[in-house]
Amino acid sequence: MQLTQPADRHGFTIAIICALTIEADAIEELFDETYDRHGEIYSKQFRDPNSYVTGRIGRHNVVLCYMPGIGRGAAASVASSVRVSYTGVQTALVVGICGGVPNPSHNDKIYLGDVIISDSVIQFDFGRQYPGGFQRKMGVKDTLGRPNQEIRSLLQGLKARRARSDFQSKTSQYLQLPQQSGSHWQHPGSEDILFRASFTHKHRAEALSPVCLCFTGHREDDVCSEAVKTTCSKLACDENHIVRRRKVQDSSVSILIGTIASGDTVMKSGECRDRIAASGEENVLGFEMEGAGVWDNISCIVIKGVCDYADSHKNKDWQEYAAASGASATKAFLSIWVPISREDSPPRLNAPEIPRSPCFVGRATEMEELRSAFLSGGTFDRTLLLQGPPGIGKSALTVEYVERFRHKHKDIFWFDASSIPNLISSSSAIRKQINNKFPSTGSVGTVNADLFRRHTQEHQVAELWQAFAFIGSRRANY
Ligand SMILES: [Zn+2]
Ligand SMILES: [Zn+2]
Numbered sequence: 001m002q003l004t005q006p007a008d009r010h011g012f013t014i015a016i017i018c019a020l021t022i023e024a025d026a027i028e029e030l031f032d033e034t035y036d037r038h039g040e041i042y043s044k045q046f047r048d049p050n051s052y053v054t055g056r057i058g059r060h061n062v063v064l065c066y067m068p069g070i071g072r073g074a075a076a077s078v079a080s081s082v083r084v085s086y087t088g089v090q091t092a093l094v095v096g097i098c099g100g101v102p103n104p105s106h107n108d109k110i111y112l113g114d115v116i117i118s119d120s121v122i123q124f125d126f127g128r129q130y131p132g133g134f135q136r137k138m139g140v141k142d143t144l145g146r147p148n149q150e151i152r153s154l155l156q157g158l159k160a161r162r163a164r165s166d167f168q169s170k171t172s173q174y175l176q177l178p179q180q181s182g183s184h185w186q187h188p189g190s191e192d193i194l195f196r197a198s199f200t201h202k203h204r205a206e207a208l209s210p211v212c213l214c215f216t217g218h219r220e221d222d223v224c225s226e227a228v229k230t231t232c233s234k235l236a237c238d239e240n241h242i243v244r245r246r247k248v249q250d251s252s253v254s255i256l257i258g259t260i261a262s263g264d265t266v267m268k269s270g271e272c273r274d275r276i277a278a279s280g281e282e283n284v285l286g287f288e289m290e291g292a293g294v295w296d297n298i299s300c301i302v303i304k305g306v307c308d309y310a311d312s313h314k315n316k317d318w319q320e321y322a323a324a325s326g327a328s329a330t331k332a333f334l335s336i337w338v339p340i341s342r343e344d345s346p347p348r349l350n351a352p353e354i355p356r357s358p359c360f361v362g363r364a365t366e367m368e369e370l371r372s373a374f375l376s377g378g379t380f381d382r383t384l385l386l387q388g389p390p391g392i393g394k395s396a397l398t399v400e401y402v403e404r405f406r407h408k409h410k411d412i413f414w415f416d417a418s419s420i421p422n423l424i425s426s427s428s429a430i431r432k433q434i435n436n437k438f439p440s441t442g443s444v445g446t447v448n449a450d451l452f453r454r455h456t457q458e459h460q461v462a463e464l465w466q467a468f469a470f471i472g473s474r475r476a477n478y
């Protein structure tokens, strides 16, 4: 399929979100084409504070978002703003570097430069009120950010040995692209060293000053700020506490798929890292700070190169190499993710996040009822409410109807009715799309959230989050 440059911002369906400049730079190295770097072509919505670079990676048009800072809040704000300017974005890839769990399971090992791809995100948080350091806030986040079925299947397939091995080869191949253009993306050339989790990076032989926290602190992980800035070799971290080494010539990039732990604080304690990794059933592979913020706003996948072991010995030596490996894995991921063809579709402003079921059979009577409710008789406004318990197939039926009869409708809108606030925000986003596409019409497409609220209260629909309101109007209101 020949990919064309989108005519406007709404033609972009994938956002890539990076917190650090080196992460975004690494991604840009892997662009096949750059469309717009200063907003001259695509601009952005008024008051959207993000900066964007748009371009093409393989078969995908992507918008790269630079974050003004690190952390969950910044990530959440970038993710919500990108959806205002780039209303067609359905999936965000949070790309960059992270701290890795060196031994996440019996069978797996993680080395520096490996890449972690998340199929789920857990949130963790530190709190002074908790002796011993950390508290897991919640389990696996299974709400908004859960990747859609199409991506989940893709990730599941990648767990198979052969597919993963192909994916790794592809990643290594792409890694050469930035490395050829800049030596800073190369392997740092030093041994990959892992210290015992309980062995802290601190002044040991002598105190730096009378107030050196390494000596005056009461806990093993009390470390002075000067020690944090000093390398292991300068600090003379005792090599007897090294539990694993990997020589430069043995290095290669492995891909691991699993859970990433996302928090507001930088993880820099080996013991804390291992405790969190062992505390749930999710098989936590790494730690980072943006996934949870994005996940709260948009369907996302975290793809991050491991630049340290999330312990006190962490330093920046591996960051650029890890950023390049994370970016290369992102390109590899995009190369196997085949976009759903929309070539046959009539113009449509936004698309459902639920893919059409390949196993949809029967239900001819219901389909005919839907068809006749919308398409028989003259052109006038119609409303149809599909109701039923969760899992009965309301969404599948609706998606199938849309796929079969979309050519009969001018535009089709989906509203996220998982909650009243989501319904209101998605209806406002849709209103903006209409106004962008047909600026002369003024304020159109009013969505009556109160109507929905009344219905749901009347019928006491408890499981709102799976419900979708579907409105298809044969005669457009504009
Ligand atoms: Zn010190
Ligand atoms: Zn050290």
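For reference, each letter of the sequence shown is one residue, going 1 to 478 in the UniProt record's numbering.
All C-beta atoms, glycine included, are put in the ideal place defined by N, C-alpha and C.
Source: prediction; values computed, not measured.
Q) With burial defined as no fewer than 16 other Cβ atoms inside 10 Å of the residue's Cβ, what is the status of residue 34: buried or exposed? A) exposed
Q.
Is any non-hydrogen atom of ligand 2 found closer than 7 Å to the C-beta of residue 203, if you look at the structure I gave you?
A. no
Q | Presumed contact (8 Å Cβ cut-off) between residue 213 and residue 221, rounded CB distance | A | So it is not a contact: roughly 10 Å between Cβ atoms.
Q) What first and last residue would you give for the alpha helix (DSSP H) that runs through residue 259? A) Note, residue 259: premise wrong, no alpha helix (DSSP H); beta strand (DSSP E) at 255–263.
Q.
For residue 51, which residues in the same chain have their Cβ closer than 6 Å to its Cβ, ignoring the five residues on either side in sequence?
A. 66
Q.
Using a Cβ-Cβ cutoff of less than 7 Å, which residues in the same chain neighbour residue 231 once the five nearest sequence positions on both sides are dropped?
A. 315
Q: Can you give me the start and stop residues for the alpha helix (DSSP H) that residue 89 sits inside?
A: First-last for residue 89: undefined, no H or E at that position.
Q: Please name the residue in 98, 194, 4 whose C-alpha comes closest to that of residue 287.
A: 98
Q.
Along the chain, where does the alpha helix (DSSP H) containing residue 372 start, and where does it finish?
A. 364–375
Q) Expressed to the nearest angstrom, what Euclidean distance is found between the alpha-carbon atoms of residue 264 and residue 27? A) 24 Å
**Q.** Check: residue 235 C-beta below 7 Å from any heavy atom of ligand 2
**A.** yes
Q.
Distance check for residue 47 and residue 84, CA to CA, integer angstroms please.
A. 10 Å
Q. Taking Cβ to Cβ, would you say residue 86 is nearer than 8 Å to residue 15?
A. yes
Q | Three-state secondary structure assigned by DSSP to residue 10 | A | helix
Q | Contiguous alpha helix (DSSP H) assignments of at least 4 residues, all confined to the UniProt domain "Nucleoside phosphorylase" (13–136) | A | 21–29, 72–85
Q: Answer with buried or exposed for residue 290, where buried requires no fewer than 16 other C-beta atoms within 10 angstroms of its C-beta.
A: buried
Q: Indicate the three-state DSSP secondary structure (helix, strand or coil) for residue 232 in the structure shown.
A: helix
Q.
When you compare the segment 224–240 with the segment 176–185, are there three or more beta-carbon pairs, one atom per stretch, that lie closer than 8 Å?
A. no
Q) Leaving out the 5 sequence neighbours to the left and right, which residues in its chain are closer than 8 Å to residue 91 when beta-carbon positions are compared? A) 13, 14, 15, 147, 148, 151, 298, 299, 300, 301
Q) What three-state label does DSSP hand residue 237 in the structure shown? A) coil
Q) Using DSSP with H/G/I as helix, E/B as strand and the rest coil, what is residue 3? A) coil
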